[in-house]
Amino acid sequence: MKTVSQQATYRNQPVAGALCVLGASFTFAVLGALVKVVSVSLSNEMVVFFRNFCSLFFILPWIWYSNPPGGVRTSYFPLHLLRSMAGLGGMYCFFYVIARLRLSESFLLMATAPLFIPIIAYVWLREPVAHKVRGAIVVGFIGIILILKPGMGILQPIAFIGLGAGILGAVAMVSIRRMSSSEPTIRIVFYFTVFGTMISAVPLVWSWQSPKAEIWWLLVLMGLLAAVGQFLLTKGYSLAPAAQVGPFTYGNVVFATLLGWIFWGEGLDSLTWIGAFLICLAGIITTHKTETHALVGTTAGTTTPVAEKF
């Protein structure tokens, strides 16, 4: 078995890194499309649980193969729990919105997370926010306004739940940063998956549904895609600096838009396109100017960033 330090030897291969991140973005977009499909038959509570439960069967072999120093022992139990609760809350919001809004809009609202990271880091960690980052945040919020379209009679209140997913995602990322100096990537992924499975199992006491036979394989596929996407994302960030490959994470918005158009005939109006451009631009500037590797964390003793998605 390889250790994390052996696997995470830094190599500057930006093309390979970008391709891995794009592959992860496509994987997460397909995962979102599957969430939209199974949500027709299952409640949000069921979908979230099976996403975590099925992922566990693919994450555990990854942990065994990676053999992180210290195994899964941790000194950051409270932070792991906080990160898991924030991430799980964001997942509930994100999946709920996917089932009710256009796939592209759902991913756009989730893509606002980088805009909230500097704000949360300032409040929680007292980290200063650079002037260029402040400007990027303003630009990003203008993009959000264009997507929400307040005052035009077409504002969808449910979109605020999507923003909630972005905010909770930002809390999760800052939590990762707090412990990333000594916690390997795979350990953070492990605790999130385990806590996510345990916590999301509680609502099943009153909301359990027996999935139809044709749904089961989709649920397993969701777990596989979540694990594969995480692996590709981590691999991509290990091959090149985060500032070079980070912008490609916004590929999931492009892929989600294409999937929504192909399978559901979804389209975007001109204001939403402009808003999408502003949000993605602001997110790229924000993560670049605040050193993306610091925001998503670095594993102990390596330069591999911790980059986790829902």
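Residues -7 to 302 in our numbering are what the sequence shown lists, from first letter to last. C-beta: ideal position from N, C-alpha, C; glycine also. If you're wondering where the values come from, they're calculated on a predicted model, not measured in any experiment.
C-alpha distance - residue i paired with residue j, whole-angstrom precision
i: glycine 79; j: serine 167; result: 10 Å
i: alanine 10; j: glycine 228; result: 6 Å
i: leucine 220; j: isoleucine 178; result: Before going further, note that residue 220 is valine rather than leucine in the sequence given. Their backbone Cα atoms lie some 13 Å apart in a straight line.
i: leucine 273; j: tryptophan 198; result: 43 Å
i: glycine 267; j: proline 239; result: 17 Å
i: cysteine 12; j: leucine 107; result: 24 Å
i: valine 288; j: alanine 162; result: Residue confidence for valine 288 is low, a pLDDT of 44 falling below 50, so the modelled location carries little weight; the figure read from the coordinates is stated next. If you take the alpha carbons of valine 288 and alanine 162, they lie about 10 Å apart.
i: leucine 34; j: phenylalanine 42; result: 11 Å
i: alanine 193; j: tryptophan 200; result: 9 Å
i: serine 230; j: threonine 19; result: 18 Å
i: tyrosine 183; j: serine 67; result: 12 Å
i: glutamine 222; j: serine 17; result: 10 Å
i: leucine 250; j: alanine 21; result: 9 Å
i: isoleucine 55; j: isoleucine 111; result: 33 Å
i: asparagine 244; j: valine 64; result: 30 Å
i: proline 53; j: aspartate 261; result: 44 Å
i: leucine 263; j: serine 96; result: 14 Å
i: isoleucine 139; j: methionine 102; result: 12 Å
i: tryptophan 208; j: threonine 226; result: 28 Å
i: serine 202; j: alanine 234; result: 42 Å
i: arginine 94; j: tryptophan 253; result: 9 Å
i: phenylalanine 69; j: glutamate 258; result: 42 Å
i: glycine 135; j: glycine 82; result: 21 Å
i: tyrosine 2; j: leucine 217; result: Confidence in tyrosine 2 is poor, its pLDDT being 49 and thus under 50, which makes the residue's placement too unreliable to answer from.
i: valine 39; j: arginine 92; result: 14 Å
i: phenylalanine 269; j: valine 237; result: 18 Å
i: leucine 196; j: leucine 23; result: 22 Å
Spatial neighbours of residue i in its chain, beta-carbon cut-off 8 Å, leaving aside the 5 residues before and after
i: leucine 48; result: Thr185, Val186, Thr189, Gly215
i: tyrosine 114; result: Pro120, Val121
i: isoleucine 191; result: Ser76, Met77, Leu80
i: phenylalanine 255; result: Ala25
i: methionine -7; result: Only weak support is given to the placement of methionine -7: the predicted model assigns it a pLDDT of 43, under 50, and the value that follows is read from those uncertain coordinates. Result list for methionine -7: Trp56, Tyr57, Ser58, Asn59, in chain order.
Same chain, Cβ closer than 7 Å to residue i, neighbours up to 5 away in sequence not counted
i: glycine 15; result: Leu224
i: leucine 210; result: Leu26, Val29, Val30
i: asparagine 44; result: Thr185, Gly188, Thr189, Ser192
i: tyrosine 88; result: Asn36, Ile153
i: phenylalanine 247; result: Ser17, Phe18, Ala21
i: tryptophan 116; result: Val166
Neighbourhood of residue i by C-beta, 6 Å cutoff - its chain only, sequence neighbours within 5 removed
i: tyrosine 242; result: Cys272
i: alanine 105; result: Gly158, Gly161, Ala162
i: arginine 170; result: Leu71
i: valine 212; result: Cys46
i: serine 156; result: Contrary to the premise, residue 156 reads as glycine rather than serine in this sequence. These residues qualify, in order along the chain: Cys85.
i: phenylalanine 99; result: Asn244, Val245, Ala248
Within-8 Å CB hit, residue i to chain C
i: valine 7; result: Checking the listed chains, one finds no chain C in this structure; it contains a single protein chain.
message = With three or more C-beta pairs closer than 8 Å as the rule, is the stretch 114 to 132 touching the stretch 268 to 277?
response = yes
task = State whether the stretch 152 to 160 contacts the stretch 44 to 61, with contact taken as three or more CB pairs (one from each stretch) at a distance under 8 Å.
result = no
message = Taking contact to mean 3 or more Cβ pairs, one atom from each stretch, closer than 8 Å, check whether the stretch 130 to 140 and the stretch 67 to 78 are in contact.
response = no
task = Kindly provide the ranges of any alpha helix (DSSP H) runs that are 4 or more residues long and lie completely inside the stretch 115 to 169, ordered along the chain.
result = 123 to 140
ask   = Where in the stretch 0 to 82 do unbroken runs of the alpha helix (DSSP H), each at least 4 residues long, occur, reported from the N-terminal end onward?
value = 6 to 30, 36 to 58
query = Taking only runs of the alpha helix (DSSP H) that begin and end inside the stretch 194 to 273, which ones reach a length of at least 4 residues, in chain order?
reply = 196 to 199, 205 to 231, 234 to 237, 243 to 256
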